[in-house]
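Take any residue in the sequence shown, note its place counting from 1, add 10, and you have its number in my numbering. Don't be surprised by glycine CBs; every beta carbon is placed ideally from N, CA and C.
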Amino acid sequence: MLSRARLAVLVSGGGTNLQALIDAQRAGVLHSGEIVLVVSNNPSAYALQRAAAAGIPARTITRRECGSEAAFEAALLAALEEHGVDLVILAGFMSILSADFTARYERRILNVHPSLIPSFCGKGMYGLRVHEAALAYGVKVTGATVHFVNEIPDGGQILLQKAVPVEPGDTPEILQRRVMEQAEWLLLPQAAELVSAEIVKEKHNDGLS
Numbered sequence: 011m012l013s014r015a016r017l018a019v020l021v022s023g024g025g026t027n028l029q030a031l032i033d034a035q036r037a038g039v040l041h042s043g044e045i046v047l048v049v050s051n052n053p054s055a056y057a058l059q060r061a062a063a064a065g066i067p068a069r070t071i072t073r074r075e076c077g078s079e080a081a082f083e084a085a086l087l088a089a090l091e092e093h094g095v096d097l098v099i100l101a102g103f104m105s106i107l108s109a110d111f112t113a114r115y116e117r118r119i120l121n122v123h124p125s126l127i128p129s130f131c132g133k134g135m136y137g138l139r140v141h142e143a144a145l146a147y148g149v150k151v152t153g154a155t156v157h158f159v160n161e162i163p164d165g166g167q168i169l170l171q172k173a174v175p176v177e178p179g180d181t182p183e184i185l186q187r188r189v190m191e192q193a194e195w196l197l198l199p200q201a202a203e204l205v206s207a208e209i210v211k212e213k214h215n216d217g218l219s
């Protein structure tokens, strides 16, 4: 049997997308990869409790404790290397990673964004702000996008997208929930499996060469 890709999930808040990944792993939807580490930049993130309940090693790394952006990213990198991480997944991670960091994991960092990129994305567009903007603009369809992460916020290559209807009477909170349930929680595990399978194949081919 081929070894599985080793996944780290970076979180900042409630961890619903982390839970979707954990559930997908248990269900066998995510079978080419295994979550080996959860890292939070917020010590009170509920996502840490989700990791603990699933028996996944977790740690907290904050900019405040590290003292600088560079020290924060160095500590994060050290944690990923310590766990032999192949693929990094941003699941509600409220921090923009530098070009130096993303270059180390080219096409090996995934993010899920709650809109159909290139709409309602980029710097400052996260969480409820995205859904507020979609409703203010009056779009009839929104959705979610999983993309590779590079130095440009929400600027990496798109991997998967799924459309979600905007309904009359939607509030940002109602729309946020629908986009999560109908798109984010489905797309992120699918994308994780796609890239994990690619990593496993590469490792297998390297072993044969």
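Keeping to the same chain, check which residues put their C-beta closer than 6 Å to that of G94; ignore five residues upstream and five downstream.
Excluding sequence neighbours, G94 sits near R16.
What residue does the beta strand (DSSP E) around K133 start on, and which one ends it?
Run containing K133: none; DSSP gives neither H nor E here.
Under 8 Å between the Cβ atoms of V159 and T112?
Their beta carbons are under 8 Å apart, which means V159 touches T112 by this criterion.
With a Cβ-Cβ cutoff of 8 Å, do P124 and A154 count as a contact?
Their beta carbons are under 8 Å apart, which means P124 touches A154 by this criterion.
For a quick check, are the C-beta atoms of L28 and R60 less than 8 Å apart?
Yes, these two residues count as a Cβ contact at 8 Å.
Can you tell which of G102, L204, R118, H141 has its C-alpha closest to the C-alpha of S22?
It is G102 whose Cα lies nearest to the Cα of S22.
In the DSSP assignment, find the unbroken beta strand (DSSP E) run with E44 in it and report its ends.
Segment 43–50, the beta strand (DSSP E) holding E44.
Identify every run of the alpha helix (DSSP H) within the segment 169–198, keeping only runs that are complete inside it and at least 4 residues long; order them along the chain.
DSSP runs (the alpha helix (DSSP H)) wholly in the segment 169–198: 182–189.
Do the CB positions of R14 and V210 come within less than 8 Å of each other?
Yes.
With burial defined as no fewer than 16 other Cβ atoms inside 10 Å of the residue's Cβ, what is the status of N215: buried or exposed?
Result: exposed.
Assess contact between the segment 76–94 and the segment 36–50, defined as three or more Cβ pairs (one per stretch) separated by less than 8 Å. Is contact present?
These segments touch.
Checking the sheet assignment: what are the DSSP bridge partners for H123?
In DSSP, H123 forms a bridge with T155.
By the 10 Å Cβ neighbour count, where 16 or more other Cβ atoms means buried, how is E151 classified, buried or exposed?
One detail in the question is off: residue 151 reads as Val in this sequence, not Glu. So V151 ends up on the exposed side.
Kindly provide the ranges of any beta strand (DSSP E) runs that are 3 or more residues long and lie completely inside the segment 52–87, ordered along the chain.
Correct list: 68–70.
Mind checking which residues open and close the beta strand (DSSP E) that includes Q16?
The question names Gln, but residue 16 in the sequence shown is Arg. Run containing R16: 15–21, per the beta strand (DSSP E) assignment.
Helix, strand or coil for L100 per DSSP?
DSSP places L100 in strand when its eight states are reduced to three.
For I209, which of helix, strand or coil comes out of DSSP?
Reduced to three states, the DSSP call for I209 is helix.
Quick one, are the C-beta atoms of I119 and L31 less than 8 Å apart?
Result no, Cβ atoms of I119 and L31 do not sit closer than 8 Å.
For I162, which option in A109, A55, E208 has the closest C-alpha, if you only look at C-alpha atoms?
When each option's Cα is compared against that of I162, the closest is A109.
Are P182 and H141 closer than 8 Å when you measure CB to CB?
Yes.
Give the range of the alpha helix (DSSP H) segment to which D33 is assigned.
Unbroken alpha helix (DSSP H) run through D33: 26–37.
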